[in-house]
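The structure appears below as structure tokens.
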Amino acid sequence: MTVSTLPPQLGDILVVDDTTANLQLLAGMLKGRGYKVRPAPSGETALRAARASPPDLILLDITMPGMDGFEVCRQLKLDPRLREIPVLFISALDESEDKVKAFEVGGVDYVRKPFQLAEVDARVRTHLAMRRQRRELQEANGRLRELEGLRDSLTHMIAHDMRSPLQALRLAVDGLRFALPNPSAEIDETLQAANDSVTKLMEMITQMLEVSRLESSQLKPKLAAVDAVALARQVVTAQCRLIGARSLTFVEAEPIQLELDPDLIRRVLDNLLGNATKFTAADGQIEVSVERRGEDLAFSVRDDGPGIDPGLTAKIFEKFAQVQGDKARLGSGLGLTFAKMAVEAHGGRIGVNSEVGRGSVFWFTLPLSRKLIEA
Numbered sequence: 005m006t007v008s009t010l011p012p013q014l015g016d017i018l019v020v021d022d023t024t025a026n027l028q029l030l031a032g033m034l035k036g037r038g039y040k041v042r043p044a045p046s047g048e049t050a051l052r053a054a055r056a057s058p059p060d061l062i063l064l065d066i067t068m069p070g071m072d073g074f075e076v077c078r079q080l081k082l083d084p085r086l087r088e089i090p091v092l093f094i095s096a097l098d099e100s101e102d103k104v105k106a107f108e109v110g111g112v113d114y115v116r117k118p119f120q121l122a123e124v125d126a127r128v129r130t131h132l133a134m135r136r137q138r139r140e141l142q143e144a145n146g147r148l149r150e151l152e153g154l155r156d157s158l159t160h161m162i163a164h165d166m167r168s169p170l171q172a173l174r175l176a177v178d179g180l181r182f183a184l185p186n187p188s189a190e191i192d193e194t195l196q197a198a199n200d201s202v203t204k205l206m207e208m209i210t211q212m213l214e215v216s217r218l219e220s221s222q223l224k225p226k227l228a229a230v231d232a233v234a235l236a237r238q239v240v241t242a243q244c245r246l247i248g249a250r251s252l253t254f255v256e257a258e259p260i261q262l263e264l265d266p267d268l269i270r271r272v273l274d275n276l277l278g279n280a281t282k283f284t285a286a287d288g289q290i291e292v293s294v295e296r297r298g299e300d301l302a303f304s305v306r307d308d309g310p311g312i313d314p315g316l317t318a319k320i321f322e323k324f325a326q327v328q329g330d331k332a333r334l335g336s337g338l339g340l341t342f343a344k345m346a347v348e349a350h351g352g353r354i355g356v357n358s359e360v361g362r363g364s365v366f367w368f369t370l371p372l373s374r375k376l377i378e379a
């Protein structure tokens, strides 16, 4: 006695053909190879069977009385429960236009009659394997999205819960300053450092929450007609107090009106300038410019810091990314991630041009005829 090495019911296959001999031949071959086979002698019967219990794959004849195979496939693809089922056409039609039509209505393969059983078997195996892989990938993606959702919810909750103790810490620092009207220089420096640290943590929490909202499309740009050059100048003026002895230059330009969210773009520029300050020497130079480039408005922040290996620049806009080169290291955080998402929410692009030892230029562009990306 011969024992099959294949496990039973490798897949549930619906075979549709109005010719009884073809049905029997295909059903016998597939059953012998371990598949569950359901024969259907017409298109109408096939649709009822598929809707009652969706199969894993359908072998479908084209030329049938009543509803032909093309129409059966169209109806299958209209049903959300059935549209992902692979349909293999088996037909005596051999014109190119028939084959093209078979693929246009949603078929994944085409076998010409008279068929070879070995060929049908090979194609059935291939498409069932591909469907299993797609299902496994969809399930894995679903689990990944669920885990990401849990992670983001936890991050959101932690960020919210951190605000209260940080506010209490800030009040405590302010209370100490009030209680010590004439502190020593050392104590005053310590209190200022504590206050600066609290401010930095509050900024990080805000960025974390807003990145989360941008990712979930809950944070939409609030558009207003703004002079983009004046906005950039205001940011540069405010940053002058924070850069120490570094030289900060703004390249003047004519006013340019643009629809944008001034708060978001101001924070983008703040983040890029803060990044430039962090990696520019105490006596280094930073330059900010705004200019038209074709149909875009380009903002640039140039520094003469240590630069970044061009092969690593693609990573620096990722969440919590750390990029380390021979002479430069960009710290982890969300400032650049926020900048990227805020710019892209305006329909713009962001990037960096850099070379180790020769500084970096962080830039972003906004279309002058801006169109927001749909959520």
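If you count by the working numbering, then the sequence shown holds residues 5 to 379, one letter each, in order.
For every residue, glycine included, the Cβ atom is placed at its ideal position computed from N, Cα and C.
- prompt: What residue range is occupied by the uninterrupted alpha helix (DSSP H) comprising Thr49?
  reply: For Thr49, the enclosing alpha helix (DSSP H) has its first and last residue at Gly47 to Ala56.
message: Since Leu370 and Leu264 should fall inside the 8 Å C-beta cutoff, what is the C-beta to C-beta distance between them, to a whole number of angstroms?
response: Yes, they are in contact, since the Cβ atoms of Leu370 and Leu264 sit about 6 Å apart, within 8 Å.
- prompt: Out of curiosity, what's the CA-to-CA distance linking Leu3 and Gln28?
  reply: Given a span of 5 to 379 for the chain in the structure shown, any question on residue 3 remains unanswerable.
query: Can you name the residues that DSSP bridges to Ala25?
result: None; Ala25 has no bridge partner.
query: Quick one: Cα of Ala285 to Cα of Arg250, how far?
result: Computed Cα separation, rounded: 7 Å.
query: Do the CB positions of Arg271 and Ile209 come within less than 8 Å of each other?
result: For the 8 Å CB-CB criterion, Arg271 and Ile209 do not form a contact.
- prompt: Which value, in whole angstroms, describes the spacing of the CA atoms of Ser364 and Phe283?
  reply: Distance between the alpha carbons of Ser364 and Phe283: 10 Å.
Proximity to Met212 [Cα-Cα], best of Asp178, Ala346, Pro185 and Gln196: A check of alpha carbon separations from Met212 across Asp178, Ala346, Pro185 and Gln196 identifies Ala346 as the nearest.
query: Hey, Ile290 and Phe321: beta-carbon distance below 8 Å or not?
result: Cβ distance not < 8 Å, so Ile290 and Phe321 don't count as in contact.
- request: Under the assumption that Arg288 contacts Asp307 (Cβ atoms under 8 Å), give the Cβ distance between them as a whole number of angstroms.
  value: For the sequence presented, residue 288 should be read as Gly rather than Arg. Their Cβ separation, rounded to whole angstroms, is 7 Å, which keeps Gly288 and Asp307 in contact under 8 Å.
task: Check the DSSP bridge columns for Phe182 and list the partner residues they point to.
output: Per DSSP, none; premise fails for Phe182.
message: Here's a check: name, in chain order, each residue in its chain whose Cβ is nearer than 8 Å to the Cβ of Gly111, leaving out the five neighbours to either side.
response: Leu64, Cys77, Val91, Leu92 and Phe93, listed in sequence order.
- prompt: If we ignore side chains and look at the alpha-carbon of each, how far apart do Gly73 and Gly47 end up?
  reply: Straight-line measurement puts the Cα of Gly47 at about 7 Å from the Cα of Gly73.
Endpoints, the beta strand (DSSP E) within which Arg2 is located: Not covered by the structure: residue 2. The range shown for the chain is 5 to 379.
message: Output needed for Leu14: all residues of its chain with C-beta closer than 6 Å, excluding positions within five of it in sequence on either side, in chain order.
response: Cβ contact annotation for Leu14 (same chain, cutoff 6 Å, sequence separation greater than five): Gly38 and Tyr39, in chain order.
Cβ contact (3+ pairs, closer than 8 Å) linking the region 171-182 and the region 193-206: Output reads yes: the region 193-206 touches the region 171-182.
- request: For Arg149, count neighbouring C-beta atoms within 10 Å of its own C-beta (all shown protein chains included) and say buried if the count is 16 or more, exposed if not.
  value: Exposed is the call here.
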